[in-house]
Amino acid sequence: MNKGKTGHICSRCRKSIAKEEICSGCKSDLLELYNHRISWRMALDIEREEREGENIFIEIQ
0 MNKGKTGHIC SRCRKSIAKE EICSGCKSDL LELYNHRISW RMALDIEREE REGENIFIEI
60 Q
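Numbered continuously in numbering that gives the first Met the number 0, the sequence shown closes out at residue 60.
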């Protein structure tokens, strides 16, 4: 791990170092994609649920 940076790998993009669950770039993306009035955590949950729904749809076909 880089000694100059603290935190862990972003759970969304898996590229950036994040102090929380996801990096600031992903937080911005989520808030822009969904609704800026909701929290980034809620937007992340919505994105995960949509992804799971897509996976279920593919399995049914």
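We put the CB at the ideal spot given by N, CA and C, even for glycine.
Query                                                                                                                            : Result
Bridge partners for Ile-8 per DSSP, in chain order?                                                                              : Ile-16
Assuming Glu-20 contacts Ser-10 (C-beta within less than 8 Å), just tell me the rounded distance between them.                   : 5 Å
Under DSSP, the alpha helix (DSSP H) around Cys-25 begins and ends at which residues?                                            : 23–32
Apart from the five residues just before and just after Leu-32, which ones in its own chain have a Cβ nearer than 8 Å to its Cβ? : Ala-42 and Glu-46
DSSP on Arg-47, reduced to helix/strand/coil?                                                                                    : helix
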